[in-house]
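**Student:**
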Amino acid sequence: MDILVYTIANKGALTKASAEALTLGYQLATNNSGTLISLAIGDNLSNAAAECGQYGAQKVYVAEHESLKYFQLESYLDIFDQVLARQHPYLILFPLEPSTRDIAAALAAKKNAPIINDCIGLSIDDSRIIAWRAVYGGKVHAQINIPQLPAFITMRANSVALAANPVQAEIVKIDVPTPLAATILKLKAINPTVTTRPSLTEARIIVAGGRGIKSPENYRLIEQLADSLGAATGASRSIVDAGWVSQVHQVGQTGKTVAPDLYIACGISGAMQHLAGISSAKCIVAINIDAEAPIFRVANYGIIGDLFEVIPALIEELRRHA
Ligand SMILES: Cc1cc2nc3c(=O)[nH]c(=O)nc-3n(C[C@H](O)[C@H](O)[C@H](O)COP(=O)(O)OP(=O)(O)OC[C@H]3O[C@@H](n4cnc5c(N)ncnc54)[C@H](O)[C@@H]3O)c2cc1C
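Quick note on numbering: this note's numbering labels position 132 of the sequence shown as 185, and the sequence is numbered without any gaps.
#1: With burial defined as no fewer than 16 other Cβ atoms inside 10 Å of the residue's Cβ, what is the status of residue 242: buried or exposed?
#2: Is the separation between the beta-carbon of residue 28 and that of residue 326 shorter than 8 Å?
#3: Going along the chain, which residues of its own chain have a beta-carbon closer than 6 Å to the beta-carbon of residue 156, five neighbours each way excluded?
#4: Please classify residue 220: does DSSP put it in a helix, a strand, or coil?
#5: Measuring from each Cβ to the nearest heavy atom of ligand 1, keep the ones under 5 Å and list them in chain order.
#6: Please classify residue 80 as buried or exposed, where buried requires at least 16 neighbouring CB atoms within 10 angstroms.
#7: Quick check for students: name the residue ranges of the alpha helix (DSSP H) that lie wholly in the region 204-278, counting only runs of 4 or more.
#8: Can you tell me the Cβ-Cβ gap for residue 203 and residue 144, rounded? I've got them flagged as a contact below 8 Å.
#9: Which one of 277, 149 and 213 has the shortest CA to CA distance from residue 176?
#10: How close, in whole Å, do the beta carbons of residue 90 and residue 114 come, if the pair is a contact with beta carbons under 8 Å?
#11: Give every residue of the same chain whose Cβ lies closer than 6 Å to the Cβ of residue 147, excluding the five residues on either side of it in the sequence, and list them in chain order.
#12: In whole angstroms, what is the alpha-carbon distance linking residue 94 and residue 164?
#13: I'd like the list of long-range same chain contacts for residue 312, defined as Cβ closer than 6 Å, with 5 residues on each side in sequence excluded.
#14: Closer than 8 Å is the cut-off here; do at least three beta carbon pairs connect the region 339-349 with the region 313-323?
#15: Can you tell me where the alpha helix (DSSP H) with residue 104 in it begins and where it stops?
#16: Take the Cβ of residue 240 as the centre, count every other Cβ of all protein chains shown within 10 Å, and call the residue buried at 16 or more, exposed below.
#17: My output table needs one value for residue 138: the three-state DSSP class, helix, strand or coil.
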């Protein structure tokens, strides 16, 4: 059973979520006498394409052109059409992000095929293909029988343990249509968020703030502690909804699922929707003024105290030991 994984590169390197999708694709393909194929679209892809072989992709399709630097649905679909005309994978996996939600949905509609979004796992059992999704804030894992093949699946980041499976990959360059497919959307400007901090879904350490920070200016305390630790910054939904920080920082059921070695929750109560995003964190430290806050039920270490005293003390201590 051949499996195609769409991969994404960031600054030339394969994203962790793409490597996870490849890891899963490799396990399913090899257990079912199939081949793992990958596809990358964008610019500056040579390193990422080579990395796909490290995660078991035997054939790596690459559509590389500077005009593909930014996601454009119609052009990306053209390229998918070329690959799907040559290969006939049973499953097409995508690391979940806003662009892949669009591509997977458009392809599923075009092919009249099923799509299952935000999966945390896939298994093949007596030739039944089953997708797993976390529902009710991660309290229940729903099992979905995939009714027909091929099927399009988007995978939640940090759901699969990475495993390298190096193979000799064949790199296949795809002709990029010029001009690109006409699009009804006109790109006026790209304003990328400039940050030196690691990305939330790939960070080893995350410092996150919640409503306990009291006002938007105080998020700088979270940023200062994060910078002392080389960490990414996260947020609860309440402060995102309040407009204190951008949604890209939101952790939880309707935000990002993270899997850091260390997660420091500052002034976050620990609602189940927030906890749904941090269940894979190896060590959780909670700073909260309320000893009864639910976050302490899942925290490995708890500091009952005022974050406005605890965070500056932690930063000072880290500075002294730097
Ligand atoms: C469908 C749905 C989806 C949702 N998705 C998400 C999601 O993805 N992510 C998410 O986070 N939430 C999500 N929520 C919202 C969630 O239910 C909670 O409302 C939210 O997580 C609470 O955020 P909070 O912990 O920052 O605020 P609060 O619950 O108000 O907690 C603030 C905490 O700060 C503490 N505190 C106050 N002052 C201090 C101080 N000086 N020092 C230390 N601690 C202090 C308080 O004791 C309290 O525990 C969702 C809700 C719904 C219904």
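Virtual Cβ for every residue (Gly too), placed ideally from N, Cα, C.
**Tutor:** Quick answer:
#1: With fewer than 16 Cβ atoms within 10 Å of its Cβ, residue 242 is classed as exposed.
#2: Since the displayed the chain opens at 54 and closes at 375, residue 28 lies outside it and no answer follows.
#3: Only 129 meet the Cβ criterion.
#4: Correct three-state label for residue 220: coil.
#5: In chain order, the hits are 263, 264, 265, 289, 290, 291, 305, 306, 307, 308, 320, 321, 322, 324, 326, 327, 341, 342, 343, 346, 359 and 360.
#6: Classified as buried, residue 80 has 16 or more neighbouring CB atoms from the shown chains inside 10 Å of its CB.
#7: For the region 204-278, not a single whole alpha helix (DSSP H) run of length 4 or above is found.
#8: About 7 Å; that satisfies the 8 Å criterion.
#9: Closest option to residue 176, Cα to Cα, is 213.
#10: Yes, they are in contact, since the Cβ atoms of residue 90 and residue 114 sit about 7 Å apart, within 8 Å.
#11: Excluding positions up to five away in sequence, the list reads 59, 153, 157 and 207.
#12: Roughly 20 Å separates the two Cα atoms.
#13: Closer than 6 Å at Cβ, skipping near neighbours: 211 and 333.
#14: Counting Cβ pairs under 8 Å, three or more are found: they touch.
#15: That run of the alpha helix (DSSP H) goes 99-107.
#16: Exposed.
#17: Helix at residue 138.
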